[in-house]
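Asker: Each protein sequence line maps, in turn, to chains A and B.
Heads up: the first sequence begins at 0 in numbering that gives the first Met the number 0, then just goes up one per residue.
Heads up: the second sequence begins at 0 in numbering that gives the first Met the number 0, then just goes up one per residue.
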Amino acid sequence: MLGHLESVWRYPVKSMRGEEVDEIFVSFTGLMGDRVYALSSTVAPTSFPWHTAREQEDLVLYQARFKKRQGTLKPENLKEAMDHPANVHAPYPGGEAFAVEVEGPGGEVLDIADPAFLAGLKDKSEGDLSVLFTHRSVVDCRPVTLFSLQTVDQLREETGTDIHKLQFRANFYVDWKDKGGFFEDELVGKKVKVGDSVELMVLERDPRCKFITIHPETAETDPKLLKHVTRKHEGFAGVYAAVLKEGPVRAGDSIALAD
Amino acid sequence: MNFYPLTVSQVVDETPLARSFELRPADEHVDLFAYKPGQFLTFRIPWQGAHMERCYSLCTAPCSDRALKVTVKRVEGGKGSNWFNDTLRPGDVLDVAPPSGRFVMRNRDRPLVLFAGGSGITPVISIIKQALYETDLSARLLYANANRDQIIFRQELERLCADFPGRLQCRHHLDAEKGLVTSDVISDFVGDRLDSDFFICGPAPFMDLAENVLGARGVEDRRIFIERFTSPDDPSNADAPVSMPEADCKVLAFRATLDDEEHKVPYQAGQTLLDCMLNQGLDPVHSCKDAHCGSCMVIKKSGEVIMRKSTVLSKRDKAKGYILLCQAIPQSDDVWVDCDA
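1. Count the other C-beta atoms from every protein chain shown that fall within 10 angstroms of the C-beta of D233 of chain B, then say buried if there are 16 or more, exposed otherwise.
2. So K177 of chain B packs on V103 of chain B, CB below 8 Å; how close in whole Å?
3. For V284 of chain B, go through chain A and note every residue whose CB falls closer than 7 Å to its CB, in chain order.
4. Contact defined as beta carbons within less than 8 Å: I believe R53 of chain A pairs with S309 of chain B. What is the distance between those atoms, to the nearest angstrom?
5. Is the CB-CB distance between P164 of chain B and A138 of chain B below 9 Å?
6. Mind checking the region 100-116 of chain B against chain A and listing, in chain order, the residues whose C-beta falls within less than 9 Å of any C-beta there?
7. Compare the beta carbon distance of D252 of chain A and G194 of chain A with 9 Å and say whether it is the shorter of the two.
8. Output, in chain order, the set of chain A residues within a Cβ distance shorter than 8 Å of Q47 of chain B.
9. Determine the chain B residues that contact T41 of chain A at a beta-carbon separation under 9 Å, and present them in chain order.
10. May I ask you to verify whether the region 258-268 of chain B touches the region 160-176 of chain A, counting CB pairs closer than 8 Å and requiring at least 3?
11. What does G119 of chain A touch in chain B if you count any residue whose Cβ is under 7 Å from its own?
12. With Y172 of chain A as the anchor, note down where its beta strand (DSSP E) starts and where it stops.
13. Which stretch, first to last residue, makes up the alpha helix (DSSP H) that contains R153 of chain B?
14. Could you check the C-alpha separation between P84 of chain A and V143 of chain A for me, to the nearest Å?
15. Taking a Cβ distance cut-off of 9 Å, strictly less, list which residues of the region 68-88 of chain B are near chain A, in chain order.
16. Check whether the Cβ of E125 of chain A lies closer than 9 Å to any Cβ atom in chain B.
17. So, is A246 of chain B buried or exposed, given that buried needs 16 or more other C-beta atoms within 10 angstroms?
18. Do you know how far the Cα of V130 of chain A is from the Cα of V218 of chain B?
19. How would you label E75 of chain A, buried or exposed, when you count the other beta carbons within 10 angstroms and need 16 or more for buried?
20. Starting from H232 of chain A, trace the beta strand (DSSP E) in both directions and tell me its first and last residue.
21. What is the rounded straight-line gap between the Cα of D332 of chain B and the Cα of I127 of chain B?
22. If I measure Cβ to Cβ from D238 of chain B and keep anything under 6 Å in the same chain, skipping five residues before and after, which residues do I get?
23. Below 8 Å on C-beta distance, what does P48 of chain A contact in chain B?
24. Please determine if the region 78-91 of chain B and the region 0-13 of chain B are in contact, where contact requires at least 3 C-beta pairs separated by less than 8 Å.
25. Along the beta strand (DSSP E) that carries W335 of chain B, what are the first and last residues, could you check?
26. Give a yes or no on whether the minimum CB-CB distance between T271 of chain B and chain A is below 9 Å.
27. Any idea what DSSP makes of Q153 of chain A, helix, strand or coil?
28. Roughly how many angstroms lie between the CA atoms of L213 of chain B and L193 of chain B, to the nearest whole one?
29. How many Å lie between F198 of chain B and K226 of chain A at the Cα?
30. C208 of chain A touches chain B at which residues, Cβ-Cβ below 9 Å?
31. Return no unless some Cβ of chain A is closer than 9 Å to the Cβ of A340 of chain B.
32. Using a Cβ cut-off of 9 Å (strictly closer), state whether P11 of chain A contacts chain B.
33. Would you verify that the beta carbon of K300 of chain B is, or is not, closer than 9 Å to some beta carbon of chain A?
34. Tell me which residue opens and which closes the alpha helix (DSSP H) that A350 of chain B is part of.
35. Going by DSSP in three states, D184 of chain A sits in which element: helix, strand or coil?
36. Closer than 6 Å by C-beta to E19 of chain A: which residues in its own chain qualify, once you throw out the five before and the five after it? Chain order, please.
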């Protein structure tokens, strides 16, 4: 065993505050309910059309919540699908099952589909915003991100700053126990098994951007962390993975090299 | 950069490839669109569900024209120029940022010699009108085009020559008849008028040639004003197709604080601050060079820059003075950036 899942996180709306989950279904396209909403902006590049906390830091202070949370953690027929001899997919429920409300920094709560929600962001954006929903996670590059507590600790030591682990917005925070920071880098190109069923292929190191400079509880930024990661770690921190075998994972699950 | 709605009030065919677009701001925005002859407007153009930005110089002058007008010549494969010519009709509304640019008359005590190529005539004719209407200065224009059909503003130039006899001389150079403009053509046109102010706008090789000839003739850099419009590095990249003018003033260097040391960094036209620092062996933190990662965010302590793209910067970053080294083009000779901030 290499380590275990210290915590599991999904982010219902891209760039907004995430939620910790005890158990979640991991599909080929990412964690169920992860980044299923995103804000797109008319002034963003077409290749990356998202309005994110890079352009509006306090988005990380907005808390998005699924209105029917229980139904967004695992597909209803997961067991039957996994037991099927042809290894069929477990279908997701329709979009209405993923309805989300958002609590803003001032405590106001609005349905994400309420026009008043976007109207409240108008002054904070340079372009016109719209809300996109998709069952598929709107990740930047790959379906799953993995980051170790040891890497957080190493960066804290190297920079002498109080870094919050959620600055890295990973899905899986991992405790490698006796291994050092950035151990996850050594897994690039390898298959790992998480819990009883999920298999990941660790594809590449995660190239970092300004987002990691934003503190998740204050939305204050410290550009020095990104400069440090760029200079000392070639701009990478954490790893991206693809999902080879779907299934549920739980916080505390073991992580081991797959056969 | 803030954008405001401008209504297209008239569209005029200037040549088979170029159209002029008269624009009117809303009454409450008229003051925002006051301008100096030679300046440009930045347009936000709808493109594939998003927007791209393009800059086009005003061909009008406040002293002689009531409306704002830009003239856009089709460029093969050019997204912005073809969109203007194919799409815009009277009554359409465009998002436009107020005028800016430093390709303007600086002195009122020296005659003007102007070189224009193709659609480079747009800011040049604006400056000519200012010189004629607002001063007693004389102006000489060398205007190069592929052939006679491509001459933009031919009648307007003839009328200006007639209205201001002896003060405006206009020499047309047609490639179809005489071949491309050569250094001899430029040098001959300058003659002994080396104490003039020189304005240049047109295709890059044309501008480079004119600048080199003037330099070789001993014209001081500070007497040469150039308007360069560049497209993104990859013209097929629809993500950030921002055209923008490079520094028309002669920025020779900028100041950079890096690792607690002060550096005077030579500036080369068309390059970003980051390029120039790397050329000097300096290594400020940077990564993507595409305004995406934000690792080259630095504080601008003084001076003016324009950024080709600034997508990763928030309003808050901009208010704090952050710029991106990989996108910044200096617009004044007092630029100072702090890379340690």
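C-beta atoms are modelled at their ideal positions from N, C-alpha and C, and glycine is treated no differently.
Note that this is a predicted model, so its numbers are computed, not measured.
Answerer: Judging by the given coordinates:
1. Residue confidence is low: D233 of chain B scores 34 on pLDDT, short of 50, so the model does not pin down where it sits. No coordinate-derived value is stated.
2. Not confirmed; about 31 Å, so no contact.
3. K226, T229 and R230
4. So it is not a contact: roughly 11 Å between Cβ atoms.
5. no
6. From the region 100-116 of chain B, no residue has a Cβ closer than 9 Å to chain A.
7. In contact: D252 of chain A and G194 of chain A (Cβ atoms closer than 9 Å).
8. Chain A residues near Q47 of chain B: T45.
9. R43, P45, G48, A49 and H50
10. no
11. Correct list: empty, because the minimum Cβ distance to chain B is about 15 Å.
12. Run containing Y172 of chain A: F171 to D174, per the beta strand (DSSP E) assignment.
13. R153 to D162
14. 26 Å
15. Within the region 68-88 of chain B, no residue qualifies.
16. yes
17. With a pLDDT of 46 at A246 of chain B, under the threshold of 50, the modelled position of that residue is not reliable, and no figure is offered here.
18. 57 Å
19. exposed
20. Note, H232 of chain A: premise wrong, no beta strand (DSSP E); not H, not E.
21. Taking the straight line joining both Cα atoms gives about 26 Å.
22. Here D238 of chain B scores only 30 on pLDDT, less than 50, and its place in the model should not be relied on; the value that follows carries that caveat. For D238 of chain B, where only same-chain residues beyond five positions count, there are no Cβ hits under 6 Å.
23. G48 and A49
24. yes
25. Unbroken beta strand (DSSP E) run through W335 of chain B: W335 to D337.
26. no
27. helix
28. 8 Å
29. 42 Å
30. S286, C287, H291, C292, G293, S294 and V311
31. yes
32. no
33. No, because no Cβ of chain A sits closer than 9 Å to the Cβ of K300 of chain B.
34. Look at the range of chain B in this structure, 0 to 340, and you will see that residue 350 of chain B is not part of it.
35. helix
36. S6 and W8
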